[in-house]
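Chains as they are written, first to last, in the numbering used here: chain A, 22 to 234; chain B, 107 to 483.
Just so you know, even glycine gets a beta-carbon here, dropped at the ideal spot from N, CA and C.
Keep in mind it's a predicted model, so treat the numbers as computed, not measured.
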C-alpha cells in the first residue's frame, strides 16, 4: 500500500507532506525510511509525467516538496551512514550562458532517484568541469544550454576531457531548448534531450545496464 | 524565373490575410546579437550604443540583400527594464562577447500581486519595482521613453527607405511570461497552483494596460503590428487547465482588441505548443502571425491553422549556426513547399537568428526564400 508521504508528494500536497515529515522525524522515526517514501512519491510523479498526465509544472512542484522535505530530514540523516549513490553526475551550464532552469530540474530529479549530483552552476569554464571530473569520477557529465554561444564551450569541454583521458569513462549528456541532434554531434556528446525526465531515464538505464553487465 | 510582382508590404499583407503572395515573405529575426556576430563585433559594443546597433543591423540588411519585414529593437535592455524585466547586459553585467539574457530570480514577491492589482503594472514598475531590477531612477523614466522614441523614429525612417513592411511598435512579453520571469518559474508555478486568485487579479490589470498601451503606441507611431513573446504557458510546462485559465482568455482579449483597431499581433511562441495550437483557432481569422521556434511541429500546426492564421516558420538556430548551407536550403524549400503553397506563411528563423549564425547560412535562407517559389513559375 502507498504510504501517505508518497501519496502526498504524488498529489502535490505540500503542507501535508512537510507537516508529516516534521512530526514523524521528531517522533524518532527512521529518516531513511521517510526518504524512501518520498522517493516513491517522486517515482509516481515520474510515471504520471511519462503517461502525459503530469507536466513539467508538476515535476517542478513535486521536486520542490521533495527538496523541502529533505531539508527537514538533513540533520537527522547526517547521523546515519549515507546510502551508496546510484551513480555520480556533474552538471553545468557552460561559459556564455547563465540559464539554469533545466539543469536545476535535472539535478533535483536525479537526486530523488538516488544519484549524487555535483552542480557547478552557470557560466562555467570548461576547465572547472575537467577538474571536477578528476575529483569525483562521475559516470555522467551533463551540459545545459539555452543559447548558441555555448556550443563551442561544450565542444571544448568534451575535447579537454578527451585530452585528459577521461572521456571514455563517462557519458556526456546535453539538454536545453537550443540543443538538437546536430548540436550533440558537433560537441561529441552521447545523448541529447529537451526533457529532464528523459535525462533521468537515460542515466538510470545506463547504471542499471552496468549492474546487469 | 518569374519576377516579383508585389512590394514587401503587399507580400506581408497577403500572407497575413491568408492569400497567396508572389513568393513567401522572408523575415529572419536578426537582432542585435546576430548583427554583432555576422559583422564580427561584440554584442557589448552594440548594447552600449543603440545608434551603432541600428547601423549594424542596416549593414547586415544591406549586405545580405534585404528582406521583407524586420523585428528589431535597438535598445532592448532599456525596453525590457522599462517593461519591468531584469536583464544582464553584455559589456555591463556580462563580458562584452556574451549575449543579453534575462536575469530570472525571485525579485517579485507574493505580496506584490496585490500591489499590481491595486496600482496597475506600469505604476508598480515606476514607483516600486524598477529600482529592484535596474539602476534606473523613477524620475529618469520619462527621459528614457523619449530616448526609445527617438530610436524608433530613426528605425522607422530607415525601414521606410528600404521598403520594409509592417513596422512594429514595440516588443512585449505576455503578462503571464512577465510574471513568470519576475517570480521565477518555480515560485510562479506554486502561485498558479496554490494561490491562483492573486495571479488572476494581476493578469487582469496587466492585460487591460497592455491593450491600451499597445493601441496608443501603434496610433502614435503609425504601426500596424505588435510583437508579443511567450515561452512559458504551453503544454511543455503546464497542463491545459492552466493554459485555459491563465493564458488563453487574456490572450484572446488582447488580440481581439488590437485586431478591432487594425493591429495584427506577431505572437512569438517558443517551446513546444503542439497541444495548444488548436486553441488558437479561437482567435479571429487573420488577426495574428503565429511565430514558432522549431520545437512545435510546424507542419501539424499548419494543418490545424490553415486558412485561419498565418504561420512564421522556424529555421532552427542550431541549423543556422552549425548546419551546412545545403541543409538550410533544403529545410527552407521544405517549409515553402509544405507551408507556403496557399499563402499564410512567412519564412522566418526559429526564434532569433543566433549570434553564432554562419553568414553563408543566413544568405542561403534569404536567397531561397526570395527565389525558390518564383523559380517554379
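- Distance from the CA atom of residue 276(B) to the CA atom of residue 457(B), rounded to whole angstroms, is 17 Å.
- CA-to-CA, the gap between residue 413(B) and residue 338(B) works out to about 27 Å.
- Annotation for residue 144(A): 114, 115, 116, 117, 118, 119 place their beta carbon closer than 8 Å to its own, counting only its chain and skipping 5 residues before and after.
- Contact with chain B is found for residue 122(A), since one of that chain's Cβ atoms lies less than 7 Å from the residue's Cβ.
- For residue 133(A), there are no neighbours in chain B by C-beta distance under 8 Å, as the nearest C-beta there is about 15 Å away.
- Interface annotation for the region 91–125 of chain A against chain B: 117, 118, 119, 120, 122, criterion Cβ-Cβ distance under 8 Å.
- Per DSSP, the beta-bridge partners of residue 194(A) are 163(A), 212(A).
- Identification of residues in the region 295–315 of chain B having a C-beta nearer than 9 Å to some C-beta of chain A yields 295, 296, 298, 299, 300, given in sequence order.
- If the five residues before and after residue 113(B) are omitted, its C-beta is found closer than 7 Å to the C-beta atoms of 269, all from its own chain and listed in chain order.
- DSSP places residue 290(B) outside any alpha helix (DSSP H), giving it a letter other than H or E.
- If you draw a straight line from the Cα of residue 232(B) to the Cα of residue 294(B), it comes to about 22 Å.
- Around the CB of residue 288(B), 16 or more other CB atoms lie within 10 Å, so the residue is classed as buried.
- By the rule that beta-carbons nearer than 7 Å mark a contact, residue 462(B) touches chain A.
- Boundaries cannot be given for residue 376(B), as no alpha helix (DSSP H) includes it and DSSP labels it neither H nor E.
- Under the three-state reduction of DSSP, residue 330(B) is assigned to coil, being neither helix nor strand.
- The alpha carbon of residue 402(B) has as its nearest neighbour, out of 411(B), 389(B), 377(B), the alpha carbon of 377(B).
- Taking the Cβ atoms as the reference, residue 149(B) lies roughly 13 Å from residue 163(B), outside the contact range of under 8 Å.
- At a cut-off of 7 Å between beta-carbon atoms, residue 169(A) makes contact with chain B.
- 7 Å or more divides the Cβ of residue 298(B) from the Cβ of residue 250(B).
- Within chain B, no residue has its beta carbon less than 9 Å from that of residue 229(A); the closest one is some 28 Å off.
- The Cβ-Cβ distance between residue 170(B) and residue 472(B) falls below 7 Å.
- Not flagged as an interface residue toward chain B: residue 86(A), since no C-beta distance is shorter than 7 Å.
- Around the beta carbon of residue 201(B), fewer than 16 other beta carbons sit within 10 angstroms, so the residue counts as exposed.
- Between residue 203(A) and residue 428(B), the C-beta spacing is below 7 Å.
- Straight-line spacing of the CA atoms in residue 351(B) and residue 282(B) works out to 11 Å.
- Bridge pairing for residue 255(B): absent [DSSP].
- With respect to residue 479(B), residue 168(A) sits apart: the two C-beta atoms are not nearer than 7 Å.
- Around residue 25(A), the same chain offers 41 as residues with beta carbons nearer than 7 Å, after the five sequence neighbours per side are excluded.
- In the DSSP assignment, residue 137(A) is bridged to 109(A).
- By the Cβ neighbour-count rule, residue 84(A) is buried, with 16 or more other Cβ atoms within 10 Å of its own.
- Here DSSP, grouped into helix, strand and coil, assigns residue 145(A) to strand.
- In the DSSP assignment, residue 224(B) falls within the alpha helix (DSSP H) that extends over 218–225.
- At a cut-off of 7 Å between beta-carbon atoms, residue 343(B) makes contact with chain A.
- At a cut-off of 7 Å between beta carbons, residue 204(B) contacts chain A.
- Within the model, the alpha-carbon separation for residue 177(B) versus residue 340(B) is close to 23 Å.
- Flagged as an interface residue toward chain B: residue 76(A), by a C-beta distance shorter than 7 Å.
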